[in-house]
Every structure is written in structure tokens, then in C-alpha cells.
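Worksheet for the structure shown next.
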Amino acid sequence: MASHFSFTLSHTIPASRARPAAKSFHSLSFYLRSSYGIFKEIVTEVSRDNISKDDNVDVEVPNQEIQKKIKMVKLILDSKEDGEITISAYDTAWVGLVKNVGDTNSPQFPSCLEWIANNQLHDGSWGDAELFIAHDRILNTLACVVALRSWNMHPQKCEKGMQFFKENLYKLQDENPEHMPIGFEVTFPSLLDLARCLDVEVPDDSPILKNILAMRDLKLKNLEGMQNLDWKQLLKLQCQDGSFLFSPSSTAYALIQTKNESAHKYLDKTLQKFNGGVPNVYPVDLFEHTWIFDRLDRLGISRYFQSEIKDCVTYVSRNSEVQDIDDTAMGFRLLRLHGHQVSSSVFEHFKKNGEFFCFSGQSNQAVTGMFNLYRASQLLFQGEEILEDAKNFSTKFLTEKREANQLLDKWIITKDLPGEVSYALDVPWYASLPRMETRFYLEQYGGSSDVWIGKTLYRMPFVNNDVYLELAKLDYSICQAVHCVEWEKIQRKLNKKKKKEEELLEILLTNLDYLGFEMLRSHGRELSHYLNQAGWLSSWQNEGNSLEREAELIVQIINVMAGYWSEELRLNPQYQRLLQTTNRVCHGLRNYQISKAHDSGSNKRITCMTTHQIESDMRELVQLVLQNSSDGVHTNVKNSFLTVAKGFYYGAYCDPETINSHIQKVLFEKVM
């Protein structure tokens, strides 16, 4: 966190080095004080009992273990096709009901029945073996019993399944309604009717079943639960791959009713892919691509997979027609962060009567849909009113859900969704620093234990797996150890009382000497040459507004150290515009921070919101950085401006107590 402001001061100045006159470095030595002020506001003093006192401590980097994990992740990313997803017993049962075209006394897809017979759980149920959700188990179990009974197969398995059904039906009433599978109130009554037609004994007097039947007419989303359909009209809605709604169960029902050849081919292809069973939705390639990037990015390990992410972004840009706000928001965010031209008008389809919904006809909003809308809306450019509306609506929705302790979702069961939402609300994107977000997300990401909710529970192993988490924890621990050593050195050098100008100058020269060594090692160039020849440095020293341009100095040094600096770049009009906007943003944030501190001392009410002008300037800067154009400024150079501005924003936005807690967590709390 705030690593761009940290100084490594462990090297001594070589005796042979000629020292410039103190006057020429007066402004820089003053800056050293002020920049440490920035640093100390972002990284305030906390207990450092667990930091080594040895200046020469070496941080052991287990490169072999890191490389091993990276290779494992690369294998996963290189294996992406139409998406990896677990098999759904419910959908497999529906496909198993399809009769053979040439012989109606035999199944068209016998592999489905074989899969059902081989995957009954020890308690007689079917469903997710690792997580018990009564709705999921009851639905899957009844569907599998219906499929086997329809072909008079495995009567003992059917009996055991119905015993589980009857013994566990009561558990539906005590379960959280948010964890009820999508469309359960439609699909479950449909299965009950099929079961009765097959003389399967199901209770008729259960209050739970009566309640479910009463709910049936409220929402008819799933195709297989609907009766008396106009198939001539519905066939016009068939997807290009032959499916209906990309759903094997819906497509199976359509095939039963219409004998459609394209539907048959879709099911046959899907069965081959999954070795006899089918998932609840397929393909899931676009969903998988966008969510993988999101997980790698938030876990802080995306830098290891830049080529794979570039391919992912390209894929999403070519296949971005989606019908729900969740995928739209995630795809929009991915493309905008990577410089693609993407219109915010895509969100108009999900707005009605001042509210935003996940998809057309949805009766209520889901937490994750609004959460991802909120995250996407924070990347708004100037004049994008639809994103402004989306941001306001999603913020209000999520805030109310948090206050009511209702941060459960209808689409996914995660380790800590409330924690994810709370972090995003408390630390908006403008203030969110990468290491800090990663530190929190390492505790929120559940890896392979996260489960998605569709018509049944399902898992996506390429999106949620423990390999990502293991690599992220290892990587973070290494970075944390390095930062702790840096922190200790900074504290020893700069926490002394009232340093003299000459002492500050020596610290600066020591630091520049070390930076020069690092630059020579990394880029084969001497830092001293750039500093001596840098017109921007002389300008920064001599003009009387250095405090208004402190962000400029930080950005310039970052770009010099990264090997991007050139005189041509400095004179580039777009680079100058970025400089001016960043200076304006950061100076405004500095003044706001001073004003907030003064108001706090006066016992005035403090709000976390910055000024309207600062917000407007930040949008302008975000657009300058993220909007791709042939302006001769490298993407990494542009990002350095936004990185610095976000550091200033964080220091101005968060109160000292919050910053203190963040420092403790990011730098000193070990990742478990």
C-alpha cells in the first residue's frame, strides 16, 4: 500500500560522489518533508513489534513455489473452451426423459440415466455433495426419481430417493429464501405433476407444498415448467447453438414437444462434453472469462498473466451480447479498464421507472447484480448520466441491504459477500489501493468452496478454485515482508526529531543513489543523468507553486524509474494534459484534507464525500487514462497518473482511524 511514496534508505553515499549545492536541492529537501507527510497520512505509525530490527535482513522469496503455482494457473487459463461447470442432476434427469425418435420405448440419451444411477449420494439424494441446501437436494432428487421411474429403472434407488424426499421436505420451510434455486416455485410443481402421473407417492397435504403451489403463478421463468406453449412462436427464440435459454433442461423439454433437430444436436454435443451428464446452463464461456479476470485482479496476481488476460479481453470484446446486468456490468468493467471503447448506453436496457434490474421481467434485484453494477458505475466518464443513475441507485440499494443485514444473494453462496460489499461501499474505487483491496479480498474469496445458484447449485472450477488463492497468499506474503523491511528503514530515518536541512538532503541523496542503482540494474540507464537533465525538475524547484505540483513530481519519478521517461514524452500534449489534471485533482484533495482536519478540530460534522469539483476532475482523469487513443502515451504511463491520484484520494477520503486500521492489516497482519 502506498508503495509509490515509500523510500528505501539503506545505501550510503559513495565518497567519490560530488554533492550538489544545498540551494539547488532546497525545494526537493522541502518536498521530502511534505512527501513524507503524504506517506505518513497514508501509512501512519503503528506497532511494529513483529518487524526485524536488522537493516540487513533478507526476505526469502520461494521462487520455485511461486513458479509452480503460476504454471498451474496458466494451464487452467489455457484450457478455457466453452467453460467448465459441474453437472446438474436436475437437468440431466430432464434430458433422460427424452424418448428415442425411432423407438419410443427407449431413451434417446441413455447415458443420462447411467449418470443418475452412478451419482446418487449415500443418503439417497442427488445434488451438491459438499453443501446441503434442502431446496437443491429435494429438486434434484425428485427429478432423478422421475427420470428413473419413467423407464422403470433402478427401483431401489427410486425408493431410497423418495425416502429422503419425504424425510427432508419439512426443511424447506426453515431455509433462507435467498438460497432457493432460480424458478423453484415453477419447476418443482411441474415435477410433482410428472411424479404423480408415474404413480410416485408424493404427499398432498403438506403445507409447504401448498405454499409453493401458491407461488407458482408469480413467476414463470423456466421453460420446462410452462404448459400449453405456442411452439411455433417459441422456436423463433431458439439460440444459434440449438438451445433454449442455453439451458439443457429447457432444451430437452423443447425437444420432447417439437422433435427439433437443432435442439437434439445441442444436447448431444453437451452430453459428449460432460461424459453423460449435462450442466444447468451451457456454454458459460463469456461468464467464465469475465469472472476469472475479476478474481485474478482482486487477488493481486493478474500481473503474472498479462498475455492470457489480453486474450480474455479480446474474447469478451467479440462476444459481448448478454441479457443480464451482472454479465453486462462485469464485461463493461473489464473492457473499460483495458481501454476498449464501450458505450454506457448498454445499461439503458436494465433501467425501468428509475430502478435497475438484472434482466427484463425480474421481480426483485439481486445483491450481486447490484454490486457489480455499482463497481462498473464507478468507472464513469464525464456526461454519462446513465452510469451516474446506476451508481446512485446501486449505492442506495446496497447500503439499505447492509443496514438491514440482508447481504445474501440469490445467485451465489460465497465465503464473505457482506465483507465484499462493505469494502466497496466504505472504500470507493477512487480511493481503493491495490494492495489494500487484495488484503481484504484474500479473506473474502472462498476459492473452491464458493457455490453458484441456478436452477440447482453448481460450481465453476476455473472461476473459484484454491490454486488462485494459494498463489495469491504466497505472493502477498512475499510483498508484505518486503514492505515491512522498507517501513522499518523509513521509520528509523525519518522519525527523528527536527531533522536539519543537511540531514534531509543526505537522506534524499542516499535514496536517489539507491534508485539510480536500481534503474541501472533494471533498465541499463543512469538515474542521475535524467535528474540532472530534467527540465521538469528545475521547473518544479524554481516555480513558487511546488505544493500545487507535488503529484507531478511523484508521477515523473515513477515514470523515470519505470524506464518510460523521455523529453519527447514530456512535451507530448496529452502527457501535459494528464499532468495538469492530476495536479489539479491532487491539490484539490490536499486542500480538502486540510479543511476536513480543521473541521474535525472544530467538532463539525465530517462527511466522507469530497467536493463536486474534485469528483468532476477525477472523472476527467479516469477518462484520460482509460480511454484508448493514439496519443503516443503508453498505457502504463497513463496508469501512473491514476495511481498517484488514487493515493491522494485515499488520504483525503478516509479518516485517520480507518487509515490506521488499514495500515495494520495491510503491512503487519499475516495472511492465514
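Take 3 as the starting number for the sequence shown in the working numbering and just add one per residue. By construction, the Cβ of each residue, glycine as well, lies at the ideal position given by its N, Cα and C atoms. In this text the structure is predicted, and so the values were computed from the model without any measurement.
1. Counting Cβ pairs, one atom from each stretch, are 3 or more of them under 8 Å apart for the stretch 558-575 and the stretch 588-596?
2. Taking the alpha-carbon positions, what's the Gly185 to Lys412 distance?
3. To the nearest angstrom, how far is it from the Cα of Ser434 to the Cα of Phe643?
4. CB-CB under 8 Å to Asn585, same chain, minus the five flanking residues each way: which ones, in chain order?
5. Trp96 lies in the alpha helix (DSSP H); which residues open and close that run?
6. In terms of residue numbering, what span does the alpha helix (DSSP H) encompassing Ile118 cover?
7. Please classify Tyr460: does DSSP put it in a helix, a strand, or coil?
8. Could you give the DSSP three-state label for Gln535: helix, strand or coil?
9. So, is Met372 buried or exposed, given that buried needs 16 or more other C-beta atoms within 10 angstroms?
10. In the DSSP assignment, find the unbroken alpha helix (DSSP H) run with Ile78 in it and report its ends.
11. Residue ranges of each alpha helix (DSSP H) run of no fewer than 4 residues wholly in the stretch 217-292, ordered along the chain?
12. Enumerate in chain order the residues of its own chain whose CB-to-CB distance from Ser113 is below 7 Å, with the five nearest sequence positions on each side excluded.
13. For Leu109, does the three-state DSSP call read helix, strand or coil?
14. Once the 5 residues before and after Ile140 are set aside, which same chain residues still bring their CB inside 7 Å of it?
15. Quick one, which of Phe361, Glu617 and Ser479 has its alpha-carbon nearest Ala331's?
16. What does the alpha-carbon distance come out to for the pair Met620 and Val429?
17. At which residues does the alpha helix (DSSP H) containing Ile184 begin and terminate?
18. Tell me whether Trp293 is buried or exposed, calling it buried when 16 or more other Cβ atoms sit within 10 Å of its Cβ.
19. Could you tell me the alpha carbon to alpha carbon distance between Asp1 and Phe352, rounded to whole angstroms?
20. Using three-state DSSP, classify Gln325 as helix, strand or coil.
21. Quick one: complete alpha helix (DSSP H) runs, 4+ long, within the stretch 368-393?
22. Since Ile78 and Phe464 are thought to touch, with beta carbons under 8 Å apart, how far apart are those beta carbons, to the nearest angstrom?
23. Closest to Gly356 by C-alpha separation, out of Leu389, Gly333 and Arg335, would be which residue?
24. When you compare the CB positions of Val286 and Ser249, do they come within less than 8 Å of one another, or not?
25. At what residues does the beta strand (DSSP E) containing Val453 begin and finish?
26. Check whether the stretch 441-459 and the stretch 395-405 touch, using three or more Cβ-Cβ pairs below 8 Å as the test.
27. Of all the options Tyr652, Leu626, Val453 and Lys475, which has the alpha carbon lying nearest to the alpha carbon of His181?
28. Roughly how far, in whole angstroms, is the beta-carbon of Asn641 from the beta-carbon of His342, given that I think they are within contact range, below 8 Å?
29. By a C-beta neighbour count over all protein chains shown, 10 Å radius and 16 as the cutoff for buried, is Lys393 buried or exposed?
30. In angstroms with no decimal places, state the Cα-to-Cα distance between Asp201 and Tyr447.
31. Buried or exposed for Met164, please, with buried defined as at least 16 other CB atoms from any protein chain shown within 10 angstroms of its CB.
32. Using a Cβ distance threshold of 8 Å, determine whether the stretch 565-584 contacts the stretch 656-674, with at least three qualifying pairs required.
33. Roughly how far, in whole angstroms, is the beta-carbon of Leu337 from the beta-carbon of Val348, given that I think they are within contact range, below 8 Å?
34. So which of Val315, Leu144 and Asp391 has the shortest CA-CA distance to Glu350?
35. Gly634 lies in the alpha helix (DSSP H); which residues open and close that run?
36. Could you compute how far the alpha carbon of Trp117 sits from the alpha carbon of Pro157?
In brief:
1. These segments do not touch.
2. Position 183 of the sequence shown, counting from 1, holds the residue named residue 185. Position 410 of the sequence shown, counting from 1, holds the residue named residue 412. About 11 Å.
3. Stepping through the sequence shown from its first residue, residue 434 is reached at position 432. Stepping through the sequence shown from its first residue, residue 643 is reached at position 641. If I take the Cα positions, the gap works out to 15 Å.
4. Against the sequence shown, residue 585 aligns to sequence position 583. Excluding the 5 residues flanking it on each side, Asn585 has same chain C-beta neighbours closer than 8 Å at Glu550, Arg551, Ala553 and Glu554, in chain order.
5. Within the sequence shown, the letter at position 94 stands for residue 96. Unbroken alpha helix (DSSP H) run through Trp96: Ala91 to Gly98.
6. Sequence index remark: in the sequence shown, residue 118 carries index 116 (1-based). It spans Pro112 to Asn120 - the alpha helix (DSSP H) in which Ile118 sits, taken as one unbroken run.
7. Locating residue 460 in the sequence shown gives position 458, where the first residue counts as 1. Three-state result, Tyr460: strand.
8. By 1-based counting over the sequence shown, the position of residue 535 is 533. Any reading at Gln535 is ruled out, since the residue's pLDDT is 48, under 50, leaving its predicted position unreliable.
9. Here residue 372 is taken as the residue at index 370 of the sequence shown, counted from 1. It is buried - the Cβ of Met372 has at least 16 other Cβ atoms within 10 Å.
10. Here the question's residue 78 lines up with position 76 in the sequence shown. Ile78 -> alpha helix (DSSP H) spans Asn65 to Asp80.
11. Runs of the alpha helix (DSSP H) spanning 4 or more residues and lying entirely within the stretch 217-292 occur at 233-236, 250-260 and 263-275, in chain order.
12. Taking the sequence shown and counting its residues from 1, the one referred to as residue 113 is at position 111. Once the five neighbours on either side are set aside, the close Cβ partners of Ser113 are Leu273 and Gly278.
13. Sequence index remark: in the sequence shown, residue 109 carries index 107 (1-based). For clarity, residue 109 is Pro in the given sequence; the question names Leu instead. Of the three classes helix, strand and coil, the one that applies to Pro109 here is strand, per DSSP.
14. The residue labelled residue 140 in the question sits at position 138 within the sequence shown. For Ile140, same chain residues with a beta-carbon under 7 Å away, outside a window of 5 residues either side, are Phe167, Asn170, Leu171 and Leu174 in chain order.
15. To locate residue 331, count along the sequence shown from 1; it is residue 329. Nearest C-alpha to Ala331: Phe361.
16. For this step, residue 620 is matched to residue 618 along the sequence shown. For this step, residue 429 is matched to residue 427 along the sequence shown. In a straight line, the C-alpha of Met620 is about 15 Å away from that of Val429.
17. Position 182 of the sequence shown holds residue 184. Segment: none, Ile184 is in no alpha helix (DSSP H) and carries neither H nor E.
18. Reading the sequence shown from its first residue, position 291 is the one you call residue 293. It is buried - the Cβ of Trp293 has at least 16 other Cβ atoms within 10 Å.
19. The structure shown does not extend to residue 1, since the chain is modelled only from 3 to 674, so the question has no answer here.
20. Here the question's residue 325 lines up with position 323 in the sequence shown. Residue state, collapsed to three classes: coil.
21. Counting only runs of 4 or more, we get 369-379.
22. By 1-based counting over the sequence shown, the position of residue 78 is 76. By 1-based counting over the sequence shown, the position of residue 464 is 462. Phe464 and Ile78 do touch by the CB rule: their CB atoms are close to 6 Å apart, below 8 Å.
23. Start at 1 with the first residue of the sequence shown, and residue 356 comes out as number 354. Nearest Cα to Gly356 within the set Leu389, Gly333 and Arg335: Leu389.
24. Here residue 286 refers to the residue found at position 284 when the sequence shown is read from its first residue. Here residue 249 refers to the residue found at position 247 when the sequence shown is read from its first residue. With a cutoff of 8 Å on beta-carbon distance, Val286 and Ser249 are scored as not near each other.
25. On the sequence shown, position 451 is the one that residue 453 refers to. Unbroken beta strand (DSSP E) run through Val453: Val453 to Ile455.
26. Cβ pair count under 8 Å is below three, so no.
27. Your numbering for residue 181 matches position 179 in the sequence shown. Taking only the C-alpha atoms, the option nearest His181 is Val453.
28. Position 639 of the sequence shown, counted from the start, is the residue given in the question as residue 641. Position 340 of the sequence shown, counted from the start, is the residue given in the question as residue 342. The beta carbons of Asn641 and His342 sit about 15 Å from each other, so the pair does not count as a contact at 8 Å.
29. In the sequence shown, residue 393 corresponds to position 391, counting from 1. With a 10 Å radius around the Cβ and a threshold of 16 neighbouring Cβ atoms, Lys393 comes out buried.
30. Reading the sequence shown from its first residue, position 199 is the one you call residue 201. Reading the sequence shown from its first residue, position 445 is the one you call residue 447. Rounded to the nearest angstrom, the gap between the Cα atoms of Asp201 and Tyr447 is 46 Å.
31. On the sequence shown, position 162 is the one that residue 164 refers to. The residue in question, Met164, is buried, as its Cβ has 16 or more Cβ neighbours within 10 Å.
32. By the Cβ rule, the stretch 565-584 does not count as touching the stretch 656-674, because fewer than three pairs are nearer than 8 Å.
33. Walking along the sequence shown from the start, residue 337 turns up at place 335. Walking along the sequence shown from the start, residue 348 turns up at place 346. Under the criterion of beta carbons closer than 8 Å, Leu337 and Val348 do not qualify as touching, at roughly 10 Å.
34. As a working mapping, residue 350 is identified with position 348 in the sequence shown. Glu350 has its Cα closest to that of Asp391, out of Val315, Leu144 and Asp391.
35. As a position in the sequence shown, residue 634 is number 632, starting the count at 1. Unbroken run through Gly634: none, as it is neither H nor E.
36. As a first step, residue 117 must be located in the sequence shown, where it is residue number 115. As a first step, residue 157 must be located in the sequence shown, where it is residue number 155. Take the alpha-carbon of Trp117 and the one of Pro157: they are about 16 Å apart.
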